[in-house]
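Novice: Protein chains in written order, with this note's numbering: chain Z, 1 to 139; chain R, 1001 to 1305. Beta carbons: idealized from backbone N, C-alpha and C, even for Gly.
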Amino acid sequence: MIIGQIRDGIVLDHITAGRAMEIYNVLGLGELDCTIAIIQNADSVKMGKKDIIKVGQVIDLDFTVLGYLDPGITVNVIRDGALAKREHLSLPERVCGVIRCKNPRCITSTEQEIVHEFRLTDPEHKIYRCVYCESPAER
Amino acid sequence: MRSIIDVMELSVEEIEGLISTALDIIENPAKYSEACKGKKLATLFFEPSTRTRLSFEAAMLELGGSVLSVSSAAASSAAKGESVADTARVVENYADIIAMRHPKEGAPLVAARCAHVPVINAGDGGHCHPTQTLADLLTIRREKGSFEDLTIGLCGDLKFGRTVHSLLGAMSRYKGVRFVMISPEELEMPRYLIREVLEPNGIPYEEVRDLEAAMPALDILYMTRVQRERFFNEADYIRLKDSYILTPEKLKTAKPDLCVMHPLPRVNEISVAVDDDPRACYFKQVLNGKYMRMALILMLLEVTV
């Protein structure tokens, strides 16, 4: 399968196989009117299989959200057909407004205006906990 | 301006400072009797509590300050649906410092993020109760002389008991500490605390079922209540509540300088016959709690004496 090069845009590479659609939805890529290619289960020397998303436009990305969802992603920014910037993501220390706390005893369960906020407490096991009640985030 | 939501926000040095202040208050109460003159503490208690609220109020009064009090959610605007954030924004206009107890976990943090005065978490559901841990720490220091080289037995409800969770974290910062966790299988210490607190700090621990077998090795025995309100199922509560009851008979194999602690209120997990044993320290904890709350109020109001 051949998918053409992009001249200006973003390539999200090394997405864990099977997660491309989730990332597509969380980043709201469906709302863009540029060309978008979603490649699933591509062969990868490093990962065996991987997903790739190509966006035919340079957009602002929330690296915090991306890092939380899939910290192995590489973000390549393409300008004038050449690689302008490459970012390797890492697990963010804090994630705000992305995950919801499921603990019924947490204050966020009754006060709707509070932004749900999680912090990384165990990087090895990728555990995030609610800053209010310390319940773990459920993926 | 600083608030205290979790005891782990306090460094070892700050805890030393609070203990030092508390010990000075014990030695020289008159020196502190007007330290907070003109300052007001608001105690916002949206959940039943006798001891903690009275302790905060006694602490402020002994510092020469005044107290404004809300003693139940039903008596406050919360009953009309006011948010915690709005309550904090209102009360900060009346008080210099707020002590809040709330059934919802994280409510005092919400208040602290909105208010422009210090907020002390006086207990938020099953989450944190930092001033109880400060009371525990002062008790350990006064009874054992040090935080190092202690074998600490935690007994009872280790799953829902917020006081043992906080004590575990606070004591894990000292050298030579080891834990013996004594509980029924259903109420074991949560795995995440072992993984995130004990293991990274290399703290030795064991989990056992038998209180009597564990007794001879202990320097501190921290008993907890199996709390009815933490259970979703009444049958589970009734089945487990009598699992571990401390009696004079069980204390026979204990060290002569064992320190028996309990955050109170007790139901029946420590027999009243133990109260006269010199190793019973749980009523001393109550008094130590007041001194540590005094020290904490002074610290947060940045009052120097």
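Taking the continuous beta strand (DSSP E) assigned at Ser1069 of chain R, which residues delimit it?
Specialist: Ser1069 of chain R -> beta strand (DSSP E) spans Ser1066 to Val1070.
Novice: Going along the chain, which residues of its own chain have a beta-carbon closer than 6 Å to the beta-carbon of Lys1241 of chain R, five neighbours each way excluded?
Specialist: Val1226.
Novice: When the cut-off is 9 Å and only beta carbons count, does Cys96 of chain Z lie next to chain R?
Specialist: No, Cys96 of chain Z lies away from the interface with chain R (no Cβ there is under 9 Å from its Cβ).
Novice: Whose Cβ in chain Z lies nearer than 7 Å to the Cβ of Ser1083 of chain R?
Specialist: Per Cβ cutoff of 7 Å: Glu111.
Novice: Could you give the uninterrupted runs of the beta strand (DSSP E) lying entirely in the region 1090-1176 of chain R, keeping only those of 3 residues or more?
Specialist: Listed in chain order, the complete beta strand (DSSP E) runs (minimum 3 residues) inside the region 1090-1176 of chain R are 1097-1102, 1119-1124 and 1151-1155.
Novice: Rounded to the nearest angstrom, how far is the Cβ of Thr1151 of chain R from that of Arg1178 of chain R, given a contact under 8 Å?
Specialist: About 5 Å; that satisfies the 8 Å criterion.
Novice: From this set, R:Leu1187, R:Met1223 and R:Pro1248, which residue's C-alpha is nearest Asp1236 of chain R's C-alpha?
Specialist: Selected option, being the one with the closest Cα: R:Leu1187.
Novice: With distance defined between alpha-carbon atoms, name the residue in R:Arg1002, R:Ile1019 and R:Asn1268 nearest to Asp1136 of chain R.
Specialist: Selected option, being the one with the closest Cα: R:Ile1019.
Novice: Return yes when the Cβ of Arg1162 of chain R is within less than 9 Å of the Cβ of Arg1101 of chain R, no when it is not.
Specialist: Result no, Cβ atoms of Arg1101 of chain R and Arg1162 of chain R do not sit closer than 9 Å.
Novice: Taking Gly1125 of chain R as the query, report the chain Z residues whose CB atoms sit under 8 Å from its CB, ordered along the chain.
Specialist: Correct list: Arg105 and Cys133.
Novice: Relative to the C-alpha of Cys1259 of chain R, which residue among R:Lys1040, R:Thr1131, R:Arg1142 and R:Leu1063 is closest?
Specialist: The candidate whose alpha carbon is nearest that of Cys1259 of chain R is R:Arg1142.
Novice: Can you tell me which of the three DSSP states Glu1032 of chain R falls into?
Specialist: Sequence inspection shows Tyr at residue 1032 of chain R; the Glu mentioned does not correspond to that position. If DSSP states are grouped into helix, strand and coil, Tyr1032 of chain R belongs with the helices.
Novice: Mind checking whether Ser1003 of chain R and Asn1093 of chain R have CB atoms under 9 Å apart?
Specialist: Not closer than 9 Å, so no.
Novice: Contact between the region 114-121 of chain Z and the region 40-48 of chain Z: three or more CB pairs below 8 Å?
Specialist: Touching, no.
Novice: At the 9 Å Cβ level, is Thr64 of chain Z part of the contact set with chain R, yes or no?
Specialist: Judged by the 9 Å Cβ criterion, Thr64 of chain Z is not in contact with chain R.
Novice: Run through DSSP, which three-state label would Thr110 of chain Z get?
Specialist: Three-state result, Thr110 of chain Z: coil.
Novice: What are the partner residues of Asp122 of chain Z, as DSSP defines its beta bridges?
Specialist: According to DSSP, Asp122 of chain Z bridges with Z:Ile127.
Novice: The region 1101-1116 of chain R: which residues have C-beta closer than 8 Å to a C-beta of chain Z, in chain order?
Specialist: Within the region 1101-1116 of chain R, the residues whose Cβ lies closer than 8 Å to some Cβ of chain Z are His1102, Pro1103, Lys1104, Glu1105, Gly1106, Ala1107, Leu1109 and Val1110, listed in chain order.
Novice: Which same chain residues, not among the five before or five after Leu1061 of chain R, have their C-beta less than 7 Å away from its C-beta?
Specialist: Excluding residues within five positions, the ones whose Cβ falls inside 7 Å are Val1067.
Novice: Taking a Cβ distance cut-off of 8 Å, strictly less, list which residues of the region 1185-1202 of chain R are near chain Z, in chain order.
Specialist: Answer in chain order: Tyr1192, Arg1195 and Glu1196.
Novice: Give every residue of the same chain whose Cβ lies closer than 7 Å to the Cβ of Lys126 of chain Z, excluding the five residues on either side of it in the sequence, and list them in chain order.
Specialist: Excluding positions up to five away in sequence, the list reads Leu91.
Novice: Quick one: is Pro92 of chain Z near chain R, going by C-beta distance under 9 Å?
Specialist: No, no contact with chain R.
Novice: Give the range of the beta strand (DSSP E) segment to which Gln40 of chain Z is assigned.
Specialist: Here the beta strand (DSSP E) through Gln40 of chain Z covers Ile36 to Ser44.
Novice: Taking 9 Å as the CB-CB limit, is Ile38 of chain Z close to chain R?
Specialist: Judged by the 9 Å Cβ criterion, Ile38 of chain Z is not in contact with chain R.
Novice: Below 8 Å, how does it come out for the region 1188-1199 of chain R and the region 1154-1161 of chain R: are there three or more Cβ pairs, yes or no?
Specialist: Result yes; three or more Cβ-Cβ pairs closer than 8 Å.
Novice: Curious, which full-length beta strand (DSSP E) runs of at least 3 residues does the region 44-75 of chain Z contain?
Specialist: Qualifying beta strand (DSSP E) stretches, in chain order: 48-55.
Novice: Between Ile99 of chain Z and chain R, is the shortest Cβ-Cβ distance under 9 Å, so that the two count as touching?
Specialist: No, no contact with chain R.
Novice: Classify Tyr1282 of chain R as helix, strand or coil using the three-state DSSP reduction.
Specialist: If DSSP states are grouped into helix, strand and coil, Tyr1282 of chain R belongs with the helices.
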